[in-house]
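One structure below.
There are 2 protein chains.
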Amino acid sequence: MPRVGLTSDRVVRAAADLADEIGFEAATVSAVARALGVRVASLYSHVDGSVGLQEGVARLALDELADRVADAIAGRSGRDALVAFATAYRDYARAHPGRSQATRLRVGPDSPVVAAGRRHAGLARAVLRGYPLSEADTVHAVRLLGSVVRGYTDLEQGGSFDHSEPASEESWSRILDALDRTLRSWSGAATEPG
Amino acid sequence: MPRVGLTSDRVVRAAADLADEIGFEAATVSAVARALGVRVASLYSHVDGSVGLQEGVARLALDELADRVADAIAGRSGRDALVAFATAYRDYARAHPGRSQATRLRVGPDSPVVAAGRRHAGLARAVLRGYPLSEADTVHAVRLLGSVVRGYTDLEQGGSFDHSEPASEESWSRILDALDRTLRSWSGAATEPG
DNA sequence: GTACGGTTCCTATAGTCTTTAGGCAAATTC
DNA sequence: GAATTTGCCTAAAGACTATAGGAACCGTAC
Numbered sequence: 001m002p003r004v005g006l007t008s009d010r011v012v013r014a015a016a017d018l019a020d021e022i023g024f025e026a027a028t029v030s031a032v033a034r035a036l037g038v039r040v041a042s043l044y045s046h047v048d049g050s051v052g053l054q055e056g057v058a059r060l061a062l063d064e065l066a067d068r069v070a071d072a073i074a075g076r077s078g079r080d081a082l083v084a085f086a087t088a089y090r091d092y093a094r095a096h097p098g099r100s101q102a103t104r105l106r107v108g109p110d111s112p113v114v115a116a117g118r119r120h121a122g123l124a125r126a127v128l129r130g131y132p133l134s135e136a137d138t139v140h141a142v143r144l145l146g147s148v149v150r151g152y153t154d155l156e157q158g159g160s161f162d163h164s165e166p167a168s169e170e171s172w173s174r175i176l177d178a179l180d181r182t183l184r185s186w187s188g189a190a191t192e193p194g
Numbered sequence: 195m196p197r198v199g200l201t202s203d204r205v206v207r208a209a210a211d212l213a214d215e216i217g218f219e220a221a222t223v224s225a226v227a228r229a230l231g232v233r234v235a236s237l238y239s240h241v242d243g244s245v246g247l248q249e250g251v252a253r254l255a256l257d258e259l260a261d262r263v264a265d266a267i268a269g270r271s272g273r274d275a276l277v278a279f280a281t282a283y284r285d286y287a288r289a290h291p292g293r294s295q296a297t298r299l300r301v302g303p304d305s306p307v308v309a310a311g312r313r314h315a316g317l318a319r320a321v322l323r324g325y326p327l328s329e330a331d332t333v334h335a336v337r338l339l340g341s342v343v344r345g346y347t348d349l350e351q352g353g354s355f356d357h358s359e360p361a362s363e364e365s366w367s368r369i370l371d372a373l374d375r376t377l378r379s380w381s382g383a384a385t386e387p388g
């Protein structure tokens, strides 16, 4: 039996690729073993079972995605940064549906995935430096930004926008416009009368 | 063997209750059979296997949720309606995490779940009648509203807001304020200079 | 070159979940 | 009360997860 050269990293990466092809749910330990041309039991030395594999893919995807987002917003600010930030997430979800699903995995509070997730909050904060927000307001704005990006990509990937006109593309740019305006006028507006 | 009196509805309802207790993923056909004190095979006459059961729960949850949302926005308009609408979703997600997860299920375009989903878009449109939006703008606004509500509840349920201050409650009202302002000033704003 | 130790991958096995086929008994109908 | 329908059952096969333990491969040392 020739050795294939398995490592944790290779197994997780194979799982991520497989998830993009057949869906995150379907990328089971068994399926990954098949894809690698290896027996199922062989993977258990490299990843911590089914949940270890899923968390590995989630972590890989979150890291990869953070790299792309960081790259996208580098050298930009204000509306440019906002659009680059949000679009990096959306593009990733479309290019890597399986990895993207993995980032939705719910994990325990002590999972290493949590640390990877924290980096994303930092990137959102970086984008918001281009807007006139107090420190307190920034937390709320980070949560709004995260909600819009996550909600939109989820709904779009789920096909919720497929049966109404116009195309998702137009809504995307209109929503980013609206978000930009909202962030620019955030402070002080709360006290304005309706 | 005394008969338990199974029906499609009772099985799906048991699955939904179980999902709220132990999570949507864990509410398998086997687990539901155990909860009902019945053999696994007995369920197959009432629901169409594993995916049929999941889609049944998704449909039940979407219908139930639409009822609550409709009730919440009845007799309200403008900001009141917006807050009632969004908060109905958020409350449901917190009270029924399993059912709520079920509404995230991805289904084929011909599934009966799709029809149930369409009702929610209609409710969002109803809320937006209280805002000065053109027909074209309304589609974008529906998508924005859906994205924010879905994204926020997902992130909150996933615990993403647990490790930063202030509490989610405050962000929620601040975000709804911002959304209300955005919707009120949507039209025309696109042409305003920054 | 071969003996050793550690690692890699294997076979074997057991448990759980899904699904279908076919049977017996309870409810329903006349 | 007999016939029919229905409901729930047992039985069995296939897939995935997981663990235990064995054998082949690798580098190293002699």
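Those sequence lines, one after another, are chains A and B.
Its first residue numbered 1, the first sequence is counted upward by one per residue in the numbering used here.
Its first residue numbered 195, the second sequence is counted upward by one per residue in the numbering used here.
Every residue, glycine too, gets a C-beta built ideally from N, C-alpha and C.
Give me the Cα-Cα distance between residue i and residue j, rounded to the nearest whole angstrom.
{"i": "B/V336", "j": "B/R319", "result": "6 angstroms"}
{"i": "A/E25", "j": "B/V301", "result": "14 angstroms"}
{"i": "B/H357", "j": "A/A121", "result": "11 angstroms"}
{"i": "B/T347", "j": "B/P291", "result": "10 angstroms"}
{"i": "B/D285", "j": "A/R39", "result": "46 angstroms"}
{"i": "A/R129", "j": "A/R181", "result": "15 angstroms"}
{"i": "B/A221", "j": "A/G117", "result": "28 angstroms"}
{"i": "A/E165", "j": "B/G352", "result": "31 angstroms"}
{"i": "B/L276", "j": "B/D371", "result": "10 angstroms"}
{"i": "B/A210", "j": "A/L133", "result": "42 angstroms"}
{"i": "A/G49", "j": "A/V29", "result": "7 angstroms"}
{"i": "A/G52", "j": "A/H46", "result": "10 angstroms"}
{"i": "B/L339", "j": "A/D9", "result": "39 angstroms"}
{"i": "B/A213", "j": "B/T281", "result": "22 angstroms"}
Strictly under 9 angstroms for the Cβ-Cβ distance: is residue i near chain B by that measure?
{"i": "A/I175", "result": "yes"}
{"i": "A/S42", "result": "no"}
{"i": "A/P166", "result": "yes"}
{"i": "A/D162", "result": "yes"}
{"i": "A/L123", "result": "no"}
{"i": "A/T182", "result": "yes"}
{"i": "A/G158", "result": "yes"}
{"i": "A/A136", "result": "yes"}
{"i": "A/P109", "result": "yes"}
{"i": "A/S30", "result": "no"}
{"i": "A/H46", "result": "no"}
{"i": "A/R195", "result": "Coverage of chain A is limited to positions 1 through 194, which leaves residue 195 of chain A absent and any answer about it impossible."}
{"i": "A/L65", "result": "no"}
{"i": "A/E170", "result": "yes"}
Counting only C-beta atoms, is residue i closer than 9 angstroms to chain A at any point?
{"i": "B/A372", "result": "yes"}
{"i": "B/S244", "result": "no"}
{"i": "B/P326", "result": "no"}
{"i": "B/E215", "result": "no"}
{"i": "B/D348", "result": "yes"}
{"i": "B/G292", "result": "no"}
{"i": "B/L200", "result": "no"}
{"i": "B/V277", "result": "no"}
{"i": "B/S390", "result": "Past the boundaries of the shown model lies residue 390 of chain B; chain B is included only from 195 to 388, so the question cannot be answered."}
Output the boundary residues of the alpha helix (DSSP H) element that contains residue i.
{"i": "B/L327", "result": "Neither: B/L327 is in no alpha helix (DSSP H) and is coded neither H nor E."}
{"i": "B/G243", "result": "G243 to I267"}
{"i": "A/V12", "result": "S8 to I22"}
{"i": "A/E170", "result": "S168 to R184"}
{"i": "B/F279", "result": "G272 to A289"}
{"i": "A/G117", "result": "P112 to L128"}
How about residue i and residue j: are their beta carbons less than 9 angstroms apart?
{"i": "A/A102", "j": "A/L43", "result": "no"}
{"i": "B/V263", "j": "B/L230", "result": "no"}
{"i": "B/L299", "j": "B/E249", "result": "yes"}
{"i": "A/T147", "j": "B/I369", "result": "Note on identity: in this sequence residue 147 of chain A is Ser, with Thr being the wrong assignment. Contact flag set, yes."}
{"i": "A/A66", "j": "A/A84", "result": "no"}
{"i": "B/R313", "j": "A/L155", "result": "no"}
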